[in-house]
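K.L.:
Going by full-length UniProt numbering, the first residue of the sequence shown is number 1, and it counts up by one from there.
Got a structure here, written out as structure tokens. Questions coming.
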Amino acid sequence: MSFVLISPEVVSAAAGDLANVGSTISAANKAAAAATTQVLAAGADEVSARIAALFGMYGLEYQAISAQVAAYHQQFVQTLRTGAASYMLAEATNVEQNLLNLINAPTQTLLGRPLIGDGANATTPGGAGGDGGLLFGSGGNGAPGAPGQAGGAGGSAGLLGNGGSGGAGGTGAPGGNGGNAGWLYGRGGVGGAGGIGGGTGGAGGHAWLFGHGGTGGIGGGPGGNGGWLLGNGGHGGAGGIGGGSGGAGGNGGWLLGNGGIGGAGGTGGGAGGTGGNAAWLLGGGGTGGAGGIGGGNGGHGGNGGWLLGNGGNGGLGGDGDGGTGGGHGGNGGNPGWLLGTAGGGGNGGAGSTGTAGGGSGGTGGDGGTGGRGGLLMGAGAGGHGGTGGAGGAGVDGGGAGGAGGAGGNGGAGGQAALLFGRGGTGGAGGYGGDGGGGGDGFDGTMAGLGGTGGSGGTGGDGGAPGNGGAGGAGQLLSHSGVAGASGKGGAGGTGGNGGAGSAGADAPAGSGAMGSTGFAGGAGGDGGNGGGSGASQGNGGNGGNGGTGGKGGTGMNSLDPLLAAQDGGQGGTGGTGGNAGAGGTGFTQGADGNAGNGGDGGVGGNGGNGADNTTTAAAGTTGGDGGAGGAGGTGGTGGAAGTGTGGQQGTGGQQGNGGNGGTGGTGGTGGAGMNSLDPLLAAQDGGQGGTGGTGGN
Numbered sequence: 001m002s003f004v005l006i007s008p009e010v011v012s013a014a015a016g017d018l019a020n021v022g023s024t025i026s027a028a029n030k031a032a033a034a035a036t037t038q039v040l041a042a043g044a045d046e047v048s049a050r051i052a053a054l055f056g057m058y059g060l061e062y063q064a065i066s067a068q069v070a071a072y073h074q075q076f077v078q079t080l081r082t083g084a085a086s087y088m089l090a091e092a093t094n095v096e097q098n099l100l101n102l103i104n105a106p107t108q109t110l111l112g113r114p115l116i117g118d119g120a121n122a123t124t125p126g127g128a129g130g131d132g133g134l135l136f137g138s139g140g141n142g143a144p145g146a147p148g149q150a151g152g153a154g155g156s157a158g159l160l161g162n163g164g165s166g167g168a169g170g171t172g173a174p175g176g177n178g179g180n181a182g183w184l185y186g187r188g189g190v191g192g193a194g195g196i197g198g199g200t201g202g203a204g205g206h207a208w209l210f211g212h213g214g215t216g217g218i219g220g221g222p223g224g225n226g227g228w229l230l231g232n233g234g235h236g237g238a239g240g241i242g243g244g245s246g247g248a249g250g251n252g253g254w255l256l257g258n259g260g261i262g263g264a265g266g267t268g269g270g271a272g273g274t275g276g277n278a279a280w281l282l283g284g285g286g287t288g289g290a291g292g293i294g295g296g297n298g299g300h301g302g303n304g305g306w307l308l309g310n311g312g313n314g315g316l317g318g319d320g321d322g323g324t325g326g327g328h329g330g331n332g333g334n335p336g337w338l339l340g341t342a343g344g345g346g347n348g349g350a351g352s353t354g355t356a357g358g359g360s361g362g363t364g365g366d367g368g369t370g371g372r373g374g375l376l377m378g379a380g381a382g383g384h385g386g387t388g389g390a391g392g393a394g395v396d397g398g399g400a401g402g403a404g405g406a407g408g409n410g411g412a413g414g415q416a417a418l419l420f421g422r423g424g425t426g427g428a429g430g431y432g433g434d435g436g437g438g439g440d441g442f443d444g445t446m447a448g449l450g451g452t453g454g455s456g457g458t459g460g461d462g463g464a465p466g467n468g469g470a471g472g473a474g475q476l477l478s479h480s481g482v483a484g485a486s487g488k489g490g491a492g493g494t495g496g497n498g499g500a501g502s503a504g505a506d507a508p509a510g511s512g513a514m515g516s517t518g519f520a521g522g523a524g525g526d527g528g529n530g531g532g533s534g535a536s537q538g539n540g541g542n543g544g545n546g547g548t549g550g551k552g553g554t555g556m557n558s559l560d561p562l563l564a565a566q567d568g569g570q571g572g573t574g575g576t577g578g579n580a581g582a583g584g585t586g587f588t589q590g591a592d593g594n595a596g597n598g599g600d601g602g603v604g605g606n607g608g609n610g611a612d613n614t615t616t617a618a619a620g621t622t623g624g625d626g627g628a629g630g631a632g633g634t635g636g637t638g639g640a641a642g643t644g645t646g647g648q649q650g651t652g653g654q655q656g657n658g659g660n661g662g663t664g665g666t667g668g669t670g671g672a673g674m675n676s677l678d679p680l681l682a683a684q685d686g687g688q689g690g691t692g693g694t695g696g697n
């Protein structure tokens, strides 16, 4: 195969010559256009005119063809010029690369890295990225690790350039660290993510003189620090699943720069990362990371610049999960000594609901403390306490409900500035969680006399409230801060309902004139007691309803066939309704909560049916009255009122209402009249039904 040698200069000169030739031809065509397109007729006759018109048409067609040829010629010239430029660029690139190789050869041989150029990206698992050139060039990226192998580190830059990113870690292995930025200017590389199964994230790369630090990798990698003169710190990486802590934010530059934000804690109770501190002269501290779900504590806020700057806010505490308490809020960062506002404390996380079967609710997390003020101003407020979780419900069969979780305490306000202002306001205390409801009692079982129903379960106590945070202390010319308000106690849980009593047995056969009285139905079970309130202002729980009384037994028939028809036997008394559960006790300090209402009395059992009369009289006689219905159950007792105690006596809670009386039993059915035995007499009506029982009080 032959080689073709191209000289860009010759091609460029040929393009110029062709352009000149095209210009000359175009000029000649324009000069001839007037004489060839408008030909004058040789005479005034018609033949001369037609000949002139024909040659003029030829001239016009020539001009049109010439214009098309000129356009093609121009395209050809442009193609030659573009080709010449491409050849010249290729030669220049070759010269540049050859020259660059010549320049990089000594440093590559002596130091193992080029003078100018980017580092190579790693290709083998877990391999590190190559470093950038000593003068110019960014670092190469690290490669991800194989299962169980750490990710490769990112390459570092030289004088100018960015650091390479770290590679992700394999299963359970850490990620690679990000490469450092250039000595003069550049951004630090991002840390690699930790592998699934607990791998920690890689750290972000640092900047040197000017530039920002790199972000930490997921899995809790810390952020890189900003440039020494100017630059912000990198953000911390979020914690991994399973309770991994978030990474700390990087610090700002020594002269100017903000601190990085702390990473959020991972699900499962991971703590949030601490915010980075700001630069020495001017800058704001980073915000602390939020705690993870499951009760992780929030990270503390970073401090502002030593001279000027605001402190970072504390991170929020994570909410509880599965009956666990909420995490505590992070403390606020301090401001600059001369001027700046302190960071506020983070709020505590909420406690989670207690597990089923009477589990206690989780405690609310405490609020974080506010940062202190500087010389002139700027105390931070305390964070609010988290709300306590509700107690779990009791199981049926009289199981007690779970207690509500206590509310978290409010964080204290920060100390006031030396000269002006006041201390930070204390955070409000969290509300206590409500107590869980008691389980319902089981129904009574069948017995000779009706069985008593089971008692309902006691409601869970309401959670205690959190205390308000103290106000920040004053200093030389400043005033103390205002204390935070205390929370409110949780309401007590409702007591469970008592079980229903079982029905009484039928009476045995009577031998007298009247049928025997049926046995009484069983008493209903007592309602469960309402739960006590929380320690401040919570309402006591309502007592459970009493159980339904059992049905009275059926009266028996008179067995004497010679006696006239008598009244049927009296039905058994309906079972007594269960006692209502006592209302929960109201609070004993401050403004008392109201006691819970007593439960309703159980419904009285129905009276037994009156017995049929037997007779051999010729004519049917009036049946006896049915047995009296059973007495209704007794109404429940109202809950006790709360009592004020000690110090400035609080107002007692209101007396709870008594339960409603039980419903009277249904009247017994009248005995059936007998048919006449005399075929000559007409049959008579049956006996009149008995009167219904009286309702309970």
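For every residue, glycine included, the Cβ atom is placed at its ideal position computed from N, Cα and C.
Bear in mind that the values here come from a model prediction, so they are computed numbers and not experimental data.
#1: Considering only the alpha carbon of each residue, which of Gly246, Gly370, Gly288, Asp321 lies closest to glycine 424?
#2: Can you tell me which of the three DSSP states phenylalanine 210 falls into?
#3: Under 7 angstroms: does the beta carbon of threonine 171 sit that close to some heavy atom of the ligand COA?
#4: Apart from the five residues just before and just after tryptophan 183, which ones in its own chain have a Cβ nearer than 6 angstroms to its Cβ?
#5: Spatial neighbours of alanine 49 within its chain, please: C-beta separation below 7 angstroms, excluding the five flanking residues on both sides.
#6: Could you check if aspartate 440 is buried or exposed, using at least 16 other CB atoms within 10 Å of its CB as the buried criterion?
#7: DSSP on arginine 81, reduced to helix/strand/coil?
#8: Go to glycine 402, then tell me how far its alpha helix (DSSP H) extends in each direction, as first and last residue.
#9: Tell me leucine 308's beta-bridge partners as DSSP assigns them.
#10: Please check the pair glycine 490 and glycine 404, which I expect to be a contact at CB under 8 angstroms, by giving their CB distance rounded to whole angstroms.
#11: Would you mind working out which of Gly288, Met88, Gly130, Arg187 sits nearest glutamine 108, comparing C-alpha positions?
#12: Could you tell me the boundaries of the alpha helix (DSSP H) in which asparagine 20 lies?
#13: Which residues in the same chain as phenylalanine 76 place their Cβ atom closer than 8 angstroms to its Cβ, once the five residues preceding and following it in sequence are excluded?
#14: Round the Cβ separation of asparagine 347 and leucine 376 to the nearest angstrom and send it over; I've been treating them as touching at under 8 angstroms.
#15: Secondary structure at arginine 422, three-state DSSP: helix, strand or coil?
#16: With burial defined as no fewer than 16 other Cβ atoms inside 10 Å of the residue's Cβ, what is the status of phenylalanine 210: buried or exposed?
#17: Report the partner residues of isoleucine 116 according to the DSSP bridge assignment.
#18: Assign valine 10 to buried or exposed, taking buried as 16 or more other Cβ atoms, counted over all protein chains shown, within 10 Å of its Cβ.
#19: If you compare alpha carbons, which of Gly305, His206, Gly231 is closest to glycine 221?
#20: Given this structure, state the Cα-to-Cα distance separating isoleucine 218 from glycine 240, to the nearest angstrom.
#21: DSSP has leucine 159 in a bridge; who is on the other side?
#22: In or out: glutamine 38 buried (at least 16 other Cβ within 10 Å) or exposed?
#23: Could you tell me the alpha carbon to alpha carbon distance between alanine 35 and isoleucine 25, rounded to whole angstroms?
#24: Check the C-beta distance from tyrosine 431 over to glycine 388 and give it rounded, since I have them as a contact under 8 angstroms.
#25: Does DSSP classify histidine 73 as helix, strand or coil?
#26: In chain order, what residues of the same chain lie with their CB nearer than 6 angstroms to the CB of arginine 187, ignoring the 5 residues before and after it?
#27: Between the Cα of glycine 309 and the Cα atoms of Ala153, Gly336, Gly318, Gly170, which residue gives the shortest distance?
#28: CA-CA distance, glycine 253 and glycine 284?
#29: Given a cut-off of 8 angstroms, decide if glycine 457 and glycine 399 are closer than it, judged by their beta-carbon atoms.
#30: Per DSSP, what kind of secondary structure is leucine 230 in: helix, strand or coil?
#31: Would you mind working out which of Gly323, Ala264, Thr324 sits nearest glycine 299, comparing C-alpha positions?
#32: For leucine 54, count the other beta carbons within 10 Å of its own beta carbon; 16 or more makes it buried, fewer makes it exposed. Which is it?
P.N.:
Taking the geometry as given:
#1: Here the closest residue by C-alpha is Gly370.
#2: Looking at phenylalanine 210 - three-state DSSP - the assignment turns out to be strand.
#3: Summarising the ligand content, the structure contains no ligands, and the ligand COA is consequently not present.
#4: The residues are Leu159, Trp208.
#5: Ala41
#6: Taking every protein chain shown into account, the CB of aspartate 440 has 16 or more other CB atoms within 10 angstroms, so this residue is buried.
#7: Three-state result, arginine 81: helix.
#8: Note, glycine 402: premise wrong, no alpha helix (DSSP H); not H, not E.
#9: Leu282, Leu339
#10: 4 angstroms
#11: Closest by alpha carbon: Gly130.
#12: Here the alpha helix (DSSP H) through asparagine 20 covers 8-37.
#13: Leu18
#14: Wrong, their Cβ atoms sit about 27 angstroms apart, outside the cutoff.
#15: strand
#16: Buried: at least 16 other Cβ atoms inside 10 Å.
#17: Phe136
#18: By the 10 Å Cβ count, valine 10 comes out exposed.
#19: His206
#20: For the pair isoleucine 218 and glycine 240, the Cα-to-Cα distance works out to about 7 angstroms.
#21: DSSP lists no partner for leucine 159.
#22: exposed
#23: Between the C-alpha atoms of alanine 35 and isoleucine 25 there is a straight-line separation of about 16 angstroms.
#24: 7 angstroms
#25: helix
#26: Asn162, Ala181, Gly211, His212
#27: Gly336
#28: For glycine 253 and glycine 284, the distance between alpha carbons rounds to 11 angstroms.
#29: yes
#30: Under the three-state reduction of DSSP, leucine 230 is assigned to strand.
#31: Ranking Gly323, Ala264, Thr324 by Cα distance to glycine 299 puts Ala264 first.
#32: By the 10 Å Cβ count, leucine 54 comes out exposed.
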